[in-house]
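The structure appears right after this line, and notes come after that.
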Amino acid sequence: MELAGGERQKVIEQLLEVRLIGGWTVLDVLNGGTTMMYHIVLTDGREFDFCALLYHKTRPNGTLRSYPYFIINGIRAYEASKSDMELVEQIDAYWKKLSDQYFK
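Residues 1011 to 1114 in my numbering are what the sequence shown lists, from first letter to last.
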């Protein structure tokens, strides 16, 4: 399904703020991939899946900590900087809004 013009523009604006820094890793939660992903088709024909999520991990002392990640193709997890936490939350929230709207 292709997004409408205004929705597509909002996703593009969010994606333009994403910075992938350093190497990628595979998180335990991603084994088998995640279904909460945009399928992006670039104008040159290249395609990939993308999402932003918070990975929640329990520390040894029992407290829960959230780690922000950008995920490419369901397996490549790039840890986002702490300053990108709000962006990760915005991307995730907008994906959920669109998902609820299109897949009732």
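Virtual Cβ for every residue (Gly too), placed ideally from N, Cα, C.
### Which of helix, strand or coil DSSP assigns to E1027
The answer is coil: DSSP assigns E1027 none of H, G, I, E or B.
### Query
Are the segment 1101 to 1110 and the segment 1054 to 1062 touching, with three or more C-beta to C-beta distances below 8 Å?
The segment 1101 to 1110 makes contact with the segment 1054 to 1062; the number of CB pairs closer than 8 Å reaches 3 or more.
#### Entry: Burial state of I1022 (16 or more Cβ within 10 Å)
Classification of I1022: exposed, given that the 10 Å Cβ count is below 16.
### Message
Taking its Cβ as the centre, do 16 or more other Cβ atoms sit within 10 Å of P1070, making it buried, or is it exposed?
### Response
Burial state of P1070 is exposed, judged by a 10 Å Cβ sphere holding fewer than 16 other Cβ atoms.
### Query
DSSP state of A1103, grouped into three classes?
Three-state DSSP puts A1103 in a helix.
### Query
According to DSSP, which residues form a beta bridge with I1082?
Beta-bridge annotation (DSSP): I1082 is paired with F1060, R1086.
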